[in-house]
Amino acid sequence: MGNRAWLYLRSDSGNGARMTQVAEADNHFPTLWRVLLADGARGAAITDQRVFGDAGTDNLTSDADAAVARLGTLSTFLGRHARRGETPWLARQLDGAARYLGEQAARLTENGQPAGFSANLDELSWLSDDDDFIATTRESCHATWTQIQACIAANDVRGVRHLLGIGGPGDWVWGFGFGGLSHAYFSRQQQPRDMSYDDFVASGGFSADDLRCDASGSDAFRSKRRQRFLSEDYFDWLQPHLDDRVAYWSENIAPVGSTENEQKALAARYLVSGHYPRFLLMYTSGMDLTLLRDALEPVIAAYERCTDAYRAHEENDRQPPLWFDSIEDYETVMQLIGFCYLLHRRDLLPRIAAMFDPACRARDTLYEDLLAYEFEGRFDVDQWYHDVPYRPLVFSFYRDTKAESIDDIAAYLDTWYPAMHDATWHDGHLDVGAKGKGRKIYFGYWAVEAAAAAYLLALDDSSLRDRLVYPKDLVDFARSRDTDTRPDTAPDGTR
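So for the sequence shown, this note's numbering puts the first residue at 15; every next one is plus one.
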């Protein structure tokens with residue numbers, strides 16, 4: 015970690031300031047930011063990230079609409095002047111950046127108050143001896159864009175590329191700054207994508223080849239399965255493998271570990287690594303949801319066993335079985351809570367809370383909001399562990415209209431899968447043919463918590479049902495078993 019910088023979109027309305035982070039950088043000031051901030055001015059400092067010291071610099075701000083228009087100008091120009099034999103990747107990336115940032119700006123615009131960019135360059139100022147770093151940077155941004163405009167007017171493609179500092183994709187990603195944008199279309203992407211931003215969003219983050227995939231199997235299996243990546247041969251191999259894992263680790267302790275408690279803790283971890291993937295595999299394969307409803311309790315029991323074992327090993331009665339700072343663990347917890355609502359197993363929610371509340375209570379908005387539909391006295395907190403992709407899902411619980419909540423959940427589903435790139439199961443469908451010889455296993459990709467939100471908020475989810483990762487039949491099952499006792503809103507005092 016070096017000297018970091020953050021780029022935000024911010025709007026000040028009658029309801030107070032609204033803000034979202036849209037990019038970050040490390041040890042340099044990306045050219046993309048220079049373009050966005052070219053008409054910049056001093057603005058109030060955003061000090062949220064100033065945890066290692068504060069140089070006292072203001073932020074550098076600019077009007078969002080004008081900034082996004084500059085990206086559109088660059089995209090159009092470079093699209094018309096792609097190098098001979100070059101796929102117009104660069105123009106596509108610029109267009110994607112303009113669309114992403116434009117969408118975010120539109121979401122923040124409220125009551126006629128326009129959104130603006132605001133860059134926290136405080137740590138970068140530490141690298142400079144300039145007495146007025148913001149003033150110098152502002153002038154540099156303006157000068158860069160003025161020169162780019164002159165080159166565009168002169169039809170000087172070489173000059174534009176030189177000013178942008180773009181040669182190959184490596185320059186585009188880090189030097190120019192695409193890789194620092196917060197959307198999954200750009201995040202950590204070393205090579206430019208072979209599809210447009212709009213197509214990527216519409217696909218839910220899957221490639222064109224993924225979307226054409228239709229794994230083999232009998233007509234009966236293919237008609238029942240809930241995701242097209244699961245082949246019958248792979249299912250017939252993986253299910254017994256997971257069954258054997260569950261059976262073995264239910265009765266044995268790990269052969270490694272310095273103490274018996276550590277051996278038991280490791281065995282409990284191995285046990286849940288079979289239980290929950292097997293449960294998800296059953297759902298993906300098309301198991302009847304009445305049967306799946308009964309299969310949820312053994313999964314929770316396995317996590318309880320893991321909790322008890324690790325608390326004994328660590329001598330810490332607050333230890334959870336999963337950690338919220340890991341996006342894979344965090345997603346698992348949100349899925350488990352979601353399954354409890356959607357399968358009408360609310361009786362299991364107190365057991366989940368008992369595992370996670372000692373360490374995680376009052377520390378995450380989504381966790382609190384989901385549990386608030388069952389328990390009184392949950393906590394009103396304004397923070398969550400993973401901004402990408404969870405921010406729009408969190409926002410869906412606080413909207414004035416149901417249409418806005420649906421838009422939020424749609425935005426969440428668009429970025430959910432690519433945002434899970436660090437999860438051990440991500441891209442597991444690419445190893446389906448390997449049957450244990452690949453790096454990962456596939457048991458289904460499901461944003462269960464999104465379906466739970468749509469159900470709890472009593473939303474019309476018809477516009478979400480074609481999303482590959484949206485488990486629509488869980489919502490149907492939940493609604494079919496509803497009773498008059500289900501609240502449509504969280505208990506008073508929760509929000």
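Ideal Cβ placement from N, Cα and C applies to all residues, glycine included.
Remember, it's a predicted structure, so these values are computed and weren't measured experimentally.
On the DSSP letters alone, give me the boundaries of the beta strand (DSSP E) that residue i sits inside.
i    : result
L478 : No beta strand (DSSP E) holds L478; DSSP gives it neither H nor E.
L357 : Per DSSP, L357 belongs to no beta strand (DSSP E) and is neither H nor E.
R56  : 55-57
Please work out which residues of its chain come closer than 7 angstroms, Cβ to Cβ, to residue i, disregarding the five sequence neighbours upstream and downstream, and give them in chain order.
i    : result
F220 : Y431, L482
S477 : I420, A424
D441 : K454
K449 : Y248, W251
G194 : A37, E38, A39, P44
G67  : Low confidence applies here, because G67 scores a pLDDT of 47, under 50, leaving its location unreliable; read the following figure in that light. So the list is empty, once near-sequence residues are dropped.
V313 : H289, Y290, F293
L380 : M348, W398, Y404, L407, V408
I162 : V174, L177
P485 : W460, V462, A465
V489 : L356, A465, A468, Y469, D475
P102 : G93, A96
Output the boundary residues of the alpha helix (DSSP H) element that contains residue i.
i    : result
D136 : 136-139
A465 : 462-470
N275 : 274-299
L362 : Counting along the chain, L362 falls outside any alpha helix (DSSP H), and DSSP gives it neither H nor E.
T429 : 416-433
S76  : From DSSP, S76 is part of no alpha helix (DSSP H) but of the beta strand (DSSP E) over 73-77.
Q163 : 147-167
R113 : 103-122
F491 : 486-494
V171 : 171-178
R48  : 45-50
V215 : 211-216
E318 : 303-328
R405 : 401-410
K449 : Counting along the chain, K449 falls outside any alpha helix (DSSP H), and DSSP gives it neither H nor E.
S237 : 233-238
For residue i, which residues from the same chain have a beta carbon less than 6 angstroms from its beta carbon, with the 5 sequence-adjacent residues on both sides left out?
i    : result
S299 : R239, F249
Y211 : G110, R113, Y199
L108 : L85, L88, S89
A81  : L50, F131
A59  : D72, N73
V347 : L336
H443 : F243, Y456
Q241 : T298, G458
Anyone know if the C-beta pair for residue i and residue j falls short of 8 angstroms?
i    : j    : result
L515 : V49  : Beyond the ends of the chain as shown, which are 15 and 509, falls residue 515; an answer cannot be given.
A465 : L306 : no
T75  : G93  : no
F584 : D428 : No answer is possible for residue 584: it lies beyond the span of the chain, which begins at 15 and ends at 509.
L470 : K416 : no
D79  : A133 : no
A19  : E117 : no
F389 : A467 : no
L256 : R292 : yes
Y459 : D445 : no
N275 : A326 : yes
E345 : A437 : yes
Got a sec: does the ligand FAD put a non-hydrogen atom nearer than 7 angstroms to the Cβ of residue i?
i    : result
A433 : As far as ligands go, the structure on display features none, and thus does not contain the ligand FAD.
Starting from residue i, follow its DSSP beta bridges and name the residues at the other end.
i    : result
A39  : A19
S264 : Per DSSP, none; premise fails for S264.
L444 : Looking at the DSSP assignment, L444 forms no beta bridge with any residue, so it has no partner.
S25  : R32
A133 : L21, L74
L336 : Paired residues: none, contrary to the question.
L380 : Answer is none; L380 lacks a bridge partner.
L195 : A37
Can you list, in chain order, the residues of its chain whose CB lies under 8 angstroms from that of residue i, leaving out five sequence neighbours each side?
i    : result
R152 : L51, G54, A55, R56, L74
F393 : R375, A376, E382
E311 : R359, L362
D339 : Y399
R509 : Caution is warranted here: a pLDDT of 41 is assigned to R509, below 50, making its placement in the model unreliable, and no coordinate value can be reported.
Give a yes or no on whether the minimum CB-CB distance between residue i and chain B is below 8 angstroms.
i    : result
D208 : Of the protein chains in this structure there is only one, and it is not chain B.
Query raised in the report: Does the segment 356-372 come close enough to the segment 316-329 that 3 or more CB-CB pairs lie under 8 angstroms?
Result: Contact holds: three or more Cβ-Cβ distances are below 8 angstroms.
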